[in-house]
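**Student:** Can you keep this structure in mind? I'll have questions shortly.
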Amino acid sequence: MKRTYIKDIEENVGKEISISGWVNTRRDQGKMVFFDLRDMTGSVQCVALPSREEIIEKAKEFRSEWALKVSGIVNKRPGKNINTEIQNGDIEIEITDIFVLAEAEPLPFDLSLNGYNLDLTTELDNRALVLRHPKNQAIFRIQETVIDSFREFMKKNMFFEFQAPSITPATAEGGAEVFQIDYFGKKAFLTQSPQLYKQIVMSAFERCFSVNKVFRAEPSSTTRHLTEVVSLDAEMAFIDSWTDVRDMAEETVRYILEQVKIKNSEHLKLLEANLPVMIDRTPTLSLKEVQQKIFEEFGRNVRGEKDTNPQDEREICEIIKKETGSDFVFIYGYPSRKKPFYVYPNPEDPEFNEGMDLICRGVEWLSGGRRVNDYRQLLEQVKTWNMDPKKIEMFLEAFKYGVPPEGGFALGAERITMQILELKNIREATIFPRDMNRIDEKLNSEGF
RNA sequence: GCGGGCGUAGCUCAAUUUGGUUAGAGCACUCCCCUGUCACGGGAGAGGUUGCCGGUUCAAGUCCGGUCGCCCGCGCCA
Numbered sequence: 348m349k350r351t352y353i354k355d356i357e358e359n360v361g362k363e364i365s366i367s368g369w370v371n372t373r374r375d376q377g378k379m380v381f382f383d384l385r386d387m388t389g390s391v392q393c394v395a396l397p398s399r400e401e402i403i404e405k406a407k408e409f410r411s412e413w414a415l416k417v418s419g420i421v422n423k424r425p426g427k428n429i430n431t432e433i434q435n436g437d438i439e440i441e442i443t444d445i446f447v448l449a450e451a452e453p454l455p456f457d458l459s460l461n462g463y464n465l466d467l468t469t470e471l472d473n474r475a476l477v478l479r480h481p482k483n484q485a486i487f488r489i490q491e492t493v494i495d496s497f498r499e500f501m502k503k504n505m506f507f508e509f510q511a512p513s514i515t516p517a518t519a520e521g522g523a524e525v526f527q528i529d530y531f532g533k534k535a536f537l538t539q540s541p542q543l544y545k546q547i548v549m550s551a552f553e554r555c556f557s558v559n560k561v562f563r564a565e566p567s568s569t570t571r572h573l574t575e576v577v578s579l580d581a582e583m584a585f586i587d588s589w590t591d592v593r594d595m596a597e598e599t600v601r602y603i604l605e606q607v608k609i610k611n612s613e614h615l616k617l618l619e620a621n622l623p624v625m626i627d628r629t630p631t632l633s634l635k636e637v638q639q640k641i642f643e644e645f646g647r648n649v650r651g652e653k654d655t656n657p658q659d660e661r662e663i664c665e666i667i668k669k670e671t672g673s674d675f676v677f678i679y680g681y682p683s684r685k686k687p688f689y690v691y692p693n694p695e696d697p698e699f700n701e702g703m704d705l706i707c708r709g710v711e712w713l714s715g716g717r718r719v720n721d722y723r724q725l726l727e728q729v730k731t732w733n734m735d736p737k738k739i740e741m742f743l744e745a746f747k748y749g750v751p752p753e754g755g756f757a758l759g760a761e762r763i764t765m766q767i768l769e770l771k772n773i774r775e776a777t778i779f780p781r782d783m784n785r786i787d788e789k790l791n792s793e794g795f
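So in the numbering used here, the last one in the first sequence is 795, and the numbering has no gaps at all.
Right, here's the structure in full:
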C-alpha cells in the first residue's frame, strides 16, 4: 500500500491507509493501547482496539522514537473523544497491521512536549535526538523562511545572486581575527565577510547578493557570537544617498518578518514568540543623537564614545519603543576611523561616516551603509588606513573603471532567528553551532 | 582576558541559608493494574563515590583552599 502523509489522512476517512513515522508516546490502557505517530507532516493518534489481540501485544512493546509502518482504517472519533486542541483530533487510525522499521534505545531525557526542558549543554551534546523535538524543528523551519525570504526579496528587486569564496588570500583589513589555513604549504584564510567580493560583483552586475558562511576567530564567548555564521549580504549601485541603502535594508527585513508571519504561524505559536514591531518608517538617529537620548533618559553619559555598547543598544531600543512603538531603530554616523576603509565618510563632516546599523530589541541585526566609490578617494582611504594596496589589487581594479555611488548591507541569519524568537542564546538558533569551545563536541585543552 | 554564578540519579531540580539519622521529587527505565487515553492515570522496584583533590570538625552535599567543567555579564567583535 502506498504511503499516506499524516497531513493528508483526514481526506481518507473510512479508508484503509498506510502511514510511516515515529512513535511519540504510548498510552497503554491495558485492554487497548494508544500512541501518536509522527512524520514530517504532523502526527495522528493510532489505536490498537481490544478485538485485535496480536496488535495490542505488539503495541505494548513500543517506546518513544521507534520507527513504524502502520496500516489502519481512518475512523472519525466518537463525539466525546474529539480533541479540538490538536492536529487530527477528530480522527484516529484503527490499526490493522504494524511493521517495525527500527527500534529505539530508551531516551536519555524527556523529549515529550510538556516535559522538554534541557540545559543548552545537554541539548548540544545530544543534537541529533533533540532535533526531533517540535520546538527545535520550529526554530529551524523559521530560519529556513528567513533565508528563503531574503533570497526572494533580493530577486524581486533584481539583485543577482553569486557564490562568494570562503578561502581568501592575506587579509588586507584589520579588525576581527581570522582563521589561518594551510594552503599547499602557503598561508590562506577563511573569509570573514564577502564584502570586497560583493563590491566587485556589484561593479559588474549593479545589484548583487550572496548567502554564505563566514568565519570569525574572535575570542568572544557571549550569547550572540559564533565562529561560523550564515551571512546574508547585499550590495547595490546607482544610489542617490546612503538612505537608499537604509530603505532597501528596512524593506528586506520587513519582507522577512511578513513571510515568517505567513509561513510559520504555527511554529511561532508553539514557541510562544511575538514578532518585533516594524512601523511604517523605522526611526533613524545619528550616533550623537542616540548618545544624547541615553543621557537625557537614563542620565548615563556616553556622549563622545566611538561606538555603542550592549547597554547603549538595549537602552536606545527601550527609548524608541516608548516614543514610537517601533522595535527597530537605525543608527548612522559612526566615527570614520572606527569603521573599515571602504565606508563612505560624510562629506560635510568627514570625522563621521555614512555607515549604519539596524538595532532591534537591544541587539544589532544588520549593518551597512554607503561605500567609497571614487577610485582616487579609495586609494586615499587605503593609505590613511595603512593598508597594502597590492593585497586588494583585484578589488581596487574594479573601482578604476567607473563605479557609481553604491552601498550595501549584511545580516546574520542565526542572529535574526534568535532575535525574532527572543531566544536567550544564539546556539539555540544554530543547528550545528561552532564556538570557541565546541565543534559538535566540546573541545578540551589537549586539542581534539 | 576580567568579574559573577553554578556543578546532587540518564534528564530537570530539592536538601546548602543555620554542618546533624538512611541525600529526596517529577520525568525516563523494569515489573504489575487500567476498554477511550490525549506527549495519560495508579501501584511496586531499580537507579547516587553530591565534578575532582585536599583541609577544618565528634560530624561535610552543606564551611575553607585548590583544580576541572559549564552558564551569565563585560571586554573583544567589517
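Positions of the beta carbon are idealized from the N, C-alpha and C atoms, including for glycine.
Could you say which of Gly462, Asp495 and Val558 lies nearest to Lys482 if we only look at CA atoms?
**Tutor:** On the first sequence, residue 482 is found 135 positions in, with the first residue counted as 1. Considering only alpha carbons, the answer is Gly462.
**Student:** Assuming Trp712 and Val600 make a contact with CB atoms under 8 Å, what is their CB distance in whole Å?
**Tutor:** The residue you call residue 712 lines up with position 365 of the first sequence. The residue you call residue 600 lines up with position 253 of the first sequence. Between Val600 and Trp712 the Cβ distance is about 7 Å, and since that is below 8 Å, they are a contact.
**Student:** Identify every run of the alpha helix (DSSP H) within the region 425–501, keeping only runs that are complete inside it and at least 4 residues long; order them along the chain.
**Tutor:** You should have 467–472 and 474–477.
**Student:** Along the chain, which unbroken stretches of the alpha helix (DSSP H) at least 4 residues long are found entirely within the region 599–662?
**Tutor:** 612–617 and 634–645
**Student:** Applying the 10 Å Cβ sphere with the 16-neighbour rule, what's the burial state of Leu770?
**Tutor:** By one-based count along the first sequence, residue 770 stands at place 423. So Leu770 counts as buried.
**Student:** Could you name the residues of the same chain whose beta carbon sits closer than 8 Å to that of Leu743, not counting the 5 residues immediately before and after it, in chain order?
**Tutor:** Here residue 743 refers to the residue found at position 396 of the first sequence. So the qualifying residues of the chain are Tyr722, Leu725, Leu726, Val729 and Pro736.
**Student:** Going by CA-CA distance only, name the one from Thr443, Leu604, Glu401 and Gln510 that's closest to Phe500.
**Tutor:** Here residue 500 corresponds to residue number 153 of the first sequence, with the count starting at 1. For Phe500, the closest C-alpha among the options Thr443, Leu604, Glu401 and Gln510 is that of Leu604.
**Student:** At what residue ranges does the region 353–414 contain a whole run of the beta strand (DSSP E), taking only runs of 3 or more?
**Tutor:** 363–375, 380–386 and 389–395
**Student:** Residues in the same chain with beta-carbon distance under 8 Å from Ile641, minus the five sequence neighbours each way, listed in chain order, please.
**Tutor:** The sequence position of residue 641 within the first sequence is 294, counting from 1. If we look at Ile641 and ignore the five residues flanking it on each side, its Cβ neighbours are Arg647, Val649, Asp659, Glu662, Ile663 and Ile666.
**Student:** DSSP puts Gly679 in a beta bridge; with which residues?
**Tutor:** Within the first sequence, residue 679 is the residue found at index 332, counting from 1. In the sequence on display, residue 679 carries Tyr and not Gly. BP columns for Tyr679 point to Ser633 and Met703.
**Student:** Go ahead and label Thr764 buried or exposed: buried means 16 or more other beta carbons lie within 10 angstroms of its beta carbon, across all protein chains shown.
**Tutor:** Residue mapping note: residue 764 aligns to position 417 of the first sequence, counting from 1. Burial call: buried.
**Student:** Glu793 to Ile786, Cα distance in whole Å?
**Tutor:** Working through the first sequence from its first residue, we reach residue 793 at position 446. Working through the first sequence from its first residue, we reach residue 786 at position 439. Because the pLDDT of Glu793 is 43, which lies under 50, any placement of that residue in the model is unreliable, and the number read from its coordinates should be weighed accordingly. The straight-line gap from Cα to Cα measures roughly 14 Å.
**Student:** Less than 6 Å between C-beta atoms, sequence neighbours within five positions excluded: which residues of the same chain meet that for Arg554?
**Tutor:** On the first sequence, position 207 is the one that residue 554 refers to. Hits under 6 Å: Met505, Phe506 and Met583.
**Student:** Do you know how far the Cα of Thr468 is from the Cα of Ala511?
**Tutor:** In the first sequence, counting from the first residue as 1, residue 511 sits at position 164. In the first sequence, counting from the first residue as 1, residue 468 sits at position 121. When rounded, the separation of the alpha-carbon atoms in Ala511 and Thr468 is 33 Å.
**Student:** Please name the residue, chosen from Thr629, Pro455 and Ser568, that lies closest to Glu412 on a Cα-to-Cα basis.
**Tutor:** Walking along the first sequence from the start, residue 412 turns up at place 65. Measuring from the Cα of Glu412, the nearest candidate turns out to be Pro455.
**Student:** Find the nearest neighbour of Leu622 within the set Ile433, Asn733 and Cys707, judged by alpha-carbon distance.
**Tutor:** To locate residue 622, count along the first sequence from 1; it is residue 275. For Leu622, the nearest C-alpha among the options comes from Cys707.
**Student:** Which residue's Cα is closest to the Cα of Ile356: Asp375, Arg373 and Ser418?
**Tutor:** Translated into positions along the first sequence, residue 356 becomes position 9. Comparing Cα-Cα distances from Ile356 to each of Asp375, Arg373 and Ser418, the minimum goes to Ser418.
**Student:** Return the first residue and the last residue of the alpha helix (DSSP H) that Lys730 is part of.
**Tutor:** What you label residue 730 is simply residue 383 of the first sequence in a count that begins at 1. Lys730 -> alpha helix (DSSP H) spans Tyr722 to Thr731.
**Student:** Quick check on Met783: does DSSP put it in helix, strand or coil?
**Tutor:** In the first sequence, residue 783 corresponds to position 436, counting from 1. Here Met783 sits in coil by DSSP.
**Student:** To which residues of the same chain is Asp587 closer than 8 Å at the C-beta, ignoring the five residues directly before and after it?
**Tutor:** Here residue 587 is taken as the residue at index 240 of the first sequence, counted from 1. Short of 8 Å from the beta carbon of Asp587, and not among the five residues preceding or following it, lie these beta carbons of its own chain, in chain order: Pro752.
**Student:** Give me, in chain order, the residues of the same chain whose beta-carbon lies closer than 6 Å to that of Phe795; leave out the 5 immediate sequence neighbours on both sides.
**Tutor:** As a first step, residue 795 must be located in the first sequence, where it is residue number 448. The predicted position of Phe795 is uncertain, since its pLDDT is 36 and thus under 50; a value taken from the coordinates is nonetheless stated next. No residues qualify anywhere along the chain.
**Student:** Which full runs of the alpha helix (DSSP H) of 4+ residues lie inside the region 537–602, going along the chain?
**Tutor:** 542–552
**Student:** Quick one: Cα of Gln527 to Cα of Lys560, how far?
**Tutor:** Numbered from its first residue, the first sequence carries residue 527 at position 180. Numbered from its first residue, the first sequence carries residue 560 at position 213. Cα to Cα, the separation comes out at about 16 Å.
**Student:** Quick one: what does DSSP say Lys686 is sitting in, helix, strand or coil?
**Tutor:** For the purposes of this step, residue 686 is taken as the residue at position 339 of the first sequence. Correct three-state label for Lys686: coil.
**Student:** Looking at the structure shown, is Glu711 part of a helix, part of a strand, or coil, going by DSSP?
**Tutor:** Counting from 1 along the first sequence, the entry for residue 711 is found at position 364. In this structure, Glu711 counts as strand in the three-state DSSP scheme.
**Student:** Would Ile438 and Leu415 qualify as a contact pair, given that the criterion is a beta-carbon distance under 8 Å?
**Tutor:** Walking along the first sequence from the start, residue 438 turns up at place 91. Walking along the first sequence from the start, residue 415 turns up at place 68. For the pair Ile438 and Leu415, the CB atoms are not nearer than the 8 Å cut-off.
**Student:** Can you give me the Cβ contacts of Ala620 inside the same chain, cut-off strictly under 6 Å, excluding the 5 residues immediately before and after it?
**Tutor:** Residue 620 sits at position 273 when you count from the first residue of the first sequence. Once the five neighbours on either side are set aside, the close Cβ partners of Ala620 are Leu768.
**Student:** Following the continuous alpha helix (DSSP H) through Ile763, name the residue where it begins and the one where it ends.
**Tutor:** Within the first sequence, numbered from 1, the residue matching residue 763 stands at position 416. Counting along the chain, the alpha helix (DSSP H) containing Ile763 begins and ends at Ala760 to Ile767.
**Student:** Determine the DSSP secondary structure at Thr671, reduced to helix, strand or coil.
**Tutor:** If you number the first sequence from 1, residue 671 lands on position 324. It is helical.
**Student:** Is Gln376 near Asp383, with beta carbons less than 8 Å apart?
**Tutor:** Locating residue 376 in the first sequence gives position 29, counting from the first residue. Locating residue 383 in the first sequence gives position 36, counting from the first residue. Contact: no.
**Student:** Kindly indicate which three-state DSSP category Phe506 falls into: helix, strand or coil?
**Tutor:** Working through the first sequence from its first residue, we reach residue 506 at position 159. Three-state result, Phe506: coil.
**Student:** Is it right to say Lys545 is buried, meaning 16 or more other beta carbons lie within 10 angstroms of its own, or is it exposed?
**Tutor:** Here the question's residue 545 lines up with position 198 in the first sequence. Classification for Lys545: buried.
**Student:** So for Phe526, helix, strand or coil by DSSP?
**Tutor:** To locate residue 526, count along the first sequence from 1; it is residue 179. Coil at Phe526, not helix or strand.
**Student:** In terms of residues, what are the limits of the alpha helix (DSSP H) holding Ala745?
**Tutor:** Taking the first residue of the first sequence as position 1, residue 745 is located at position 398. First-last of the alpha helix (DSSP H) with Ala745: Glu740 to Lys747.
**Student:** Helix, strand or coil, according to DSSP, for Ile778 in the structure here?
**Tutor:** Counted from its first residue, the first sequence places residue 778 at position 431. Residue state, collapsed to three classes: coil.
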